[in-house]
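Colleague: Supplied in structure tokens, the structure appears directly below.
Encoded structure:
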């Protein structure tokens with residue numbers, strides 16, 4: 001099998017316009033004959049489901065949460081990028097495109113990123129029209145802030161709740177379509193398999209999380225917008241329910257999984273407080289606009305932050321990256337924090353933390369202005385830590401936040417399985433090896449509002465398919481397999497809880513495949529993960545029954561998938577003998593400790609094809625060809 | 638610290654429930670309330686008992702999933718805080734804590750502390766949106782919005798739809814929730830056009846779902862994790878009154894159009 005990214009010809013700036021013209025259309029009266037299943041109702045899923053229904057397609061939408069409004073896009077705090085150039089500070093579509101490619105350390109597909117930058121301006125128009133209450137200036141026009149990895153102010157925001165407001169906009173558009181009967185919504189429903197008929201994705205198997213009932217759903221195409229796999233590390237900023245199940249099971253059905261090793265560690269999270277920690281909380285990167293990051297110059301400095309005089313503080317980001325300072329990209333800031341903590345200069349419990357200090361900002365613009373900008377973040381910090389960040393600096397530490405890898409998709413967002421489309425964080429396409437802040441919201445909405453609605457029509461118009469029915473043999477076979485898996489999980493009845501396995505997996509992944517990786521550690525993981533998986537299937541204890549609301553059983557299914565998927569992630573990290581973006585291999589670094597790419601050998605997308613249980617997956621390579629940009633060494637100095 | 642928990646256990650929507658007593662030992666002050674329950678659940682599973690079912694997801698106070706009454710107070714009584722953000726430093730050794738699900742006819746219990754809040758979604762489906770399709774929208778800066786109006790809209794839009802307002806109200810009224818969406822959209826020029834139809838349709842579905850009327854006692858505002866103001870209920874009443882006076886009749890049973 002070979003990968004065809006289907007990148008349109010012509011100059012970069014005209015590819016999308018030309019492609020939109022070249023794609024086949026489904027006429028308005030025929031659209032109602034096509035049914036689409038959309039899995040996940042975050043920014044990508046909700047915007048896609050609403051937009052497809054508006055066009056006239058029949059849509060079924062699924063989410064595991066009790067309401068589509070609760071998908072984890074809701075937790076994004078800081079903002080959404082768009083090349084509006086409202087600030088007249090030199091922004092343009094090209095600059096947003098270039099910043100994103102460069103921020104991704106030249107490991108993203110050029111044509112997709114350019115399209116993302118192009119449609120970014122439409123997203124803001126769309127959201128404002130929906131009533132998203134973006135921040136505004138006194139003159140009534142939209143306000144902007146700046147974010148990491150950019151030297152212009154292009155980030156739109158709604159206090160510290162931008163993701164919430166954008167998601168509610170998409171959720172409301174989706175709700176309108178549900179009310180009109182154009183979308184049938186299935187909340188508290190988890191996808192447990194993807195069904196292929198004649199090699200095309202034609203439906204799903206779902207489990208009702210209240211009754212435990214398994215059901216089959218057929219359609220003409222399946223859209224996965226199921227988010228990332230950060231919870232493979234157990235502790236992350238993802239919601240507790242976030243999982244890899246839909247994308248991993250799609251991979252097992254034939255969809256290639258691309259760049260799983262590209263995981264993003266967010267530099268500004270609240271440090272771990274103890275063994276009971278169930279998740280980590282991010283403090284928006286926008287805080288770095290006004291906060292200054294520092295640690296004591298002395299090792300093991302036990303003094304309170306206020307007692308450490310200015311000259312004994314190391315503002316290490318400002319020192320090492322003078323032109324970007326505290327706004328250096330996420331991967332660079334995260335590693336810098338790890339470095340100073342490894343040197344023994346960390347602060348707080350366990351010395352795994354650095355200060356994010358607002359004293360200068362409060363002096364400059366006043367506490368009121370700081371409160372206006374970040375009030376809810378300071379409140380959240382105080383709730384969790386019991387400390388007042390207006391009086392003493394916040395303590396922060398990096399945590400797993402986002403996964404750039406995902407199912408491989410072509411320019412039309414279709415995976416290697418025809419009819420299976422993948423949107424948002426669940427695909428791999430736009431962020432390369434590192435995502436810039438305020439770009440996830442942009443990508444989710446770009447895919448859902450402005451890309452998929454065009455490309456899915458092209459698929460329907462080009463591939464004449466027979467209608468699938470949920471009582472077909474393929475669905476029955478998948479149902480039998482799903483039910484057998486559930487029975488197997490409940491039958492083990494061992495001595496260890498599901499959570500203990502998840503935690504152990506997460507700890508080993510964070511230690512050996514987190515912020516820094518090396519060959520020996522990765523090889524060790526390739527021994528340990530299968531062993532842990534084996535123990536899981538011999539010794540896990542899952543409470544309760546199948547035909548009921550059983551959260552422990554839900555968790556068990558997700559952990560079983562993480563235990564398989566983790567191995568692929570590690571294999572990908574081991575195969576990529578270079579450092580790039582969020583993938584930092586300690587063997588490959590420059591003299592001053594920066595990531596050292598190997599463009600000659602690794603300028604490709606690594607897409608892994610499942611080949612069967614216990615077998616090494618097959619590696620497919622999509623070479624990254626840059627027509628427009630020159631691959632340079634990223635420098636934020 | 639060591640705590641005694643009295644937790645509502647109910648197998649499913651049809652079964653009867655009851656309070657069961659559990660001991661939570663060695664609880665640390667840095668734990669969140671839900672992490673304390675996680676630890677209790679791990680013990681229960683290890684002992685071969687059924688863990689306590691409760692809803693949670695983001696665990697950072699924004700998704701609105703977590704929902705429980707703690708000693709009779711929705712989300713536990715710390716101002717502006719969801720239960721996932723409530724930490725054990727607010728409790729003391731030896732405390733007895735009673736944990737129950739939201740109690741409202743419109744929110745039936747599904748299991749233990751898990752309730753069905755889909756009535757909220759149906760209310761939004763009836764009109765909690767601006768009727769614009771994707772594409773073809775004017776430039777975002779084409780229509781200036783005063784900062785005051787934008788801020789007011791944001792204050793209302795901050796609602797996370799958790800349902801604490803309903804759980805706290807002796808009438809199980811959803812008016813704080815509904816008024817937050819009505820006020821958010823009516824405060825902005827983009828939502829102004831449909832404001833009459835919106836409020837009439839949403840209130841209709843709210844009533845049909847079995848939520849009671851506002852008591853004006855403010856218990857909803859007191860427990861709201863996003864501190865949504867009671868003023869929005871007043872705004873909704875004004876919007877509703879004006880819409881009624883203009884004698885607009887929504888089409889029966891046709892939510893959403």
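Chains as they are written, first to last, in the working numbering: chain U, 1 to 637; chain Z, 638 to 894. We treat Cβ as the ideally placed atom computed from N, Cα and C, and that holds for glycine. Remember, predicted model here, so these are calculated numbers, not experimental data.
1. Starting from the beta carbon of residue 766 of chain Z, find every residue of chain U whose beta carbon is closer than 7 Å, and list them in chain order.
2. Could you round the C-beta distance between residue 852 of chain Z and residue 807 of chain Z to whole angstroms and report it? I think they count as a contact, below 8 Å.
3. Nearest-angstrom Cα distance between residue 106 of chain U and residue 603 of chain U?
4. Quick one, which residues of the region 785–796 of chain Z are near chain U if we go by CB-CB under 7 Å, in chain order?
5. Apart from the five residues on each side of it in sequence, which residues of its chain come closer than 6 Å, Cβ to Cβ, to residue 626 of chain U?
6. Check whether the Cβ atoms of residue 612 of chain Z and residue 671 of chain Z sit closer than 7 Å, and answer yes or no.
7. Can the beta-carbon of residue 232 of chain U be found closer than 7 Å to that of residue 584 of chain U?
8. If you compare alpha carbons, which of U:285, U:422, U:356, U:552 is closest to residue 45 of chain U?
9. For residue 286 of chain U, which three-state DSSP category applies?
10. What residues from the region 380–393 of chain U come within 9 Å of chain Z, judged by C-beta to C-beta, listed N to C?
11. Using a beta-carbon distance below 7 Å, is residue 798 of chain Z in contact with chain U?
12. When the Cα atoms are used, what is the spatial distance from residue 529 of chain U to residue 505 of chain U?
13. Which whole-angstrom value is the C-beta distance of residue 361 of chain U and residue 447 of chain U, which I expect to be below 8 Å?
14. For a cutoff of 7 Å on Cβ pairs, would you count residue 776 of chain Z as touching chain U?
15. Since residue 573 of chain U is in the alpha helix (DSSP H), which residue starts that stretch and which ends it?
16. Could you tell me the alpha carbon to alpha carbon distance between residue 257 of chain U and residue 407 of chain U, rounded to whole angstroms?
17. Given a threshold of 16 other Cβ atoms within 10 Å of its Cβ, counted over all protein chains shown, does residue 634 of chain U qualify as buried or as exposed?
18. If you run the structure through DSSP and keep just helix, strand and coil, what is residue 314 of chain U?
19. So that I know if they touch, is there some Cβ in chain Z lying closer than 7 Å to that of residue 43 of chain U?
20. Please report the straight-line C-alpha distance between residue 757 of chain Z and residue 849 of chain Z, rounded to a whole angstrom.
21. For residue 38 of chain U, which of U:191, U:88, U:24, U:124 has the nearest alpha-carbon?
22. How is the alpha helix (DSSP H) around residue 670 of chain Z delimited, first residue to last?
23. Would you say the region 59–66 of chain U touches the region 182–191 of chain U, given that touching needs at least three Cβ pairs under 8 Å?
24. Here's a check: name, in chain order, each residue in its chain whose Cβ is nearer than 6 Å to the Cβ of residue 295 of chain U, leaving out the five neighbours to either side.
25. Using the Cβ count rule (16 or more neighbours within 10 Å means buried), how would you classify residue 394 of chain U?
26. According to the neighbour-count rule (16 or more other Cβ atoms, all chains shown, within 10 Å of its Cβ), is residue 21 of chain U buried or exposed?
27. Using beta carbons (cut-off 7 Å, strictly below), is residue 276 of chain U in contact with chain Z?
28. For residue 17 of chain U and chain Z, any beta-carbon pair shorter than 7 Å?
29. Pairs of beta-carbons, one from the region 597–617 of chain U and one from the region 572–579 of chain U, closer than 8 Å: are there three or more?
30. Quick one: complete alpha helix (DSSP H) runs, 4+ long, within the region 18–77 of chain U?
31. Give the DSSP-derived three-state secondary structure of residue 606 of chain U in the structure shown.
32. According to DSSP, is residue 336 of chain U part of a helix, a strand, or is it coil?
33. With DSSP collapsed to three states, give me the class of residue 643 of chain Z.
34. Answer with buried or exposed for residue 611 of chain U, where buried requires no fewer than 16 other C-beta atoms within 10 angstroms of its C-beta.
35. Pull up the CB-CB distance for residue 824 of chain Z and residue 789 of chain Z, whole angstroms please, since I reckon it's below 8 Å.
Modeller: Short version:
1. Counted from its first residue, the second chain places residue 766 of chain Z at position 129. By Cβ distance, chain U contributes 172, 173, 175, 176.
2. Residue numbering aside, residue 852 of chain Z sits at position 215 when the second chain is read from its first letter. Residue numbering aside, residue 807 of chain Z sits at position 170 when the second chain is read from its first letter. Rounded, the Cβ-Cβ distance is 6 Å, consistent with contact.
3. Here residue 106 of chain U refers to the residue found at position 106 when the first chain is read from its first residue. Here residue 603 of chain U refers to the residue found at position 603 when the first chain is read from its first residue. For residue 106 of chain U and residue 603 of chain U, the distance between alpha carbons rounds to 8 Å.
4. 787, 790, 791, 794, 795
5. Within the first chain, the letter at position 626 stands for residue 626 of chain U. 110.
6. Any answer about residue 612 of chain Z is impossible in this case: the structure gives chain Z only from 638 up to 894.
7. In the first chain, the residue the question calls residue 232 of chain U occupies position 232. In the first chain, the residue the question calls residue 584 of chain U occupies position 584. Their beta carbons are not under 7 Å apart, which means residue 232 of chain U does not touch residue 584 of chain U by this criterion.
8. The residue you call residue 45 of chain U lines up with position 45 of the first chain. Checking every option, the nearest Cα to that of residue 45 of chain U belongs to U:422.
9. Numbered from 1 along the first chain, position 286 holds the residue referred to as residue 286 of chain U. It is helical.
10. 380, 383, 384, 385, 386
11. Here residue 798 of chain Z refers to the residue found at position 161 when the second chain is read from its first residue. Residue 798 of chain Z counts as touching chain U.
12. Taking the first residue of the first chain as position 1, residue 529 of chain U is located at position 529. Taking the first residue of the first chain as position 1, residue 505 of chain U is located at position 505. Distance between the alpha carbons of residue 529 of chain U and residue 505 of chain U is about 7 Å.
13. To locate residue 361 of chain U, count along the first chain from 1; it is residue 361. To locate residue 447 of chain U, count along the first chain from 1; it is residue 447. With 8 Å as the limit, residue 361 of chain U and residue 447 of chain U do not qualify as a contact, their Cβ atoms being about 36 Å apart.
14. Here residue 776 of chain Z refers to the residue found at position 139 when the second chain is read from its first residue. It does; some Cβ of chain U falls within 7 Å.
15. Against the first chain, residue 573 of chain U aligns to sequence position 573. Start and end: 551–575.
16. Mapped onto the first chain, residue 257 of chain U falls at position 257. Mapped onto the first chain, residue 407 of chain U falls at position 407. Each residue's Cα considered, the two are about 4 Å apart.
17. The count along the first chain starts at 1 and reaches residue 634 of chain U at position 634. Classification for residue 634 of chain U: buried.
18. The sequence position of residue 314 of chain U within the first chain is 314, counting from 1. Three-state result, residue 314 of chain U: strand.
19. Mapped onto the first chain, residue 43 of chain U falls at position 43. For residue 43 of chain U, the answer is no, since every Cβ of chain Z falls outside 7 Å of its Cβ.
20. Here residue 757 of chain Z refers to the residue found at position 120 when the second chain is read from its first residue. Here residue 849 of chain Z refers to the residue found at position 212 when the second chain is read from its first residue. About 14 Å.
21. For the purposes of this step, residue 38 of chain U is taken as residue 38 along the first chain, with counting starting at 1. Residue 38 of chain U has its Cα closest to that of U:191, out of U:191, U:88, U:24, U:124.
22. For the purposes of this step, residue 670 of chain Z is identified with residue 33 of the second chain, where counting begins at 1. Note, residue 670 of chain Z: alpha helix (DSSP H), 670–683.
23. yes
24. The residue you call residue 295 of chain U lines up with position 295 of the first chain. If we look at residue 295 of chain U and ignore the five residues flanking it on each side, its Cβ neighbours are 314, 340, 345, 354.
25. Locating residue 394 of chain U in the first chain gives position 394, where the first residue counts as 1. When all chains shown are included, residue 394 of chain U counts as buried.
26. For the purposes of this step, residue 21 of chain U is identified with residue 21 of the first chain, where counting begins at 1. Exposed, since its Cβ has fewer than 16 Cβ neighbours within 10 Å.
27. Working through the first chain from its first residue, we reach residue 276 of chain U at position 276. True, the Cβ-Cβ gap to chain Z drops below 7 Å.
28. As a working note, residue 17 of chain U is residue 17 in the first chain. Closer than 7 Å: no.
29. yes
30. 28–31, 43–55
31. Along the first chain, read from residue 1 onward, the residue named residue 606 of chain U stands at position 606. Of the three classes helix, strand and coil, the one that applies to residue 606 of chain U here is strand, per DSSP.
32. Looking up residue 336 of chain U in the first chain gives position 336. Three-state result, residue 336 of chain U: helix.
33. In the second chain, residue 643 of chain Z corresponds to position 6, counting from 1. Residue state, collapsed to three classes: strand.
34. Along the first chain, one-based indexing puts residue 611 of chain U at 611. Classification of residue 611 of chain U: exposed, given that the 10 Å Cβ count is below 16.
35. Here residue 824 of chain Z refers to the residue found at position 187 of the second chain. Here residue 789 of chain Z refers to the residue found at position 152 of the second chain. Yes, residue 824 of chain Z and residue 789 of chain Z are in contact; Cβ-Cβ is about 5 Å, under 8 Å.
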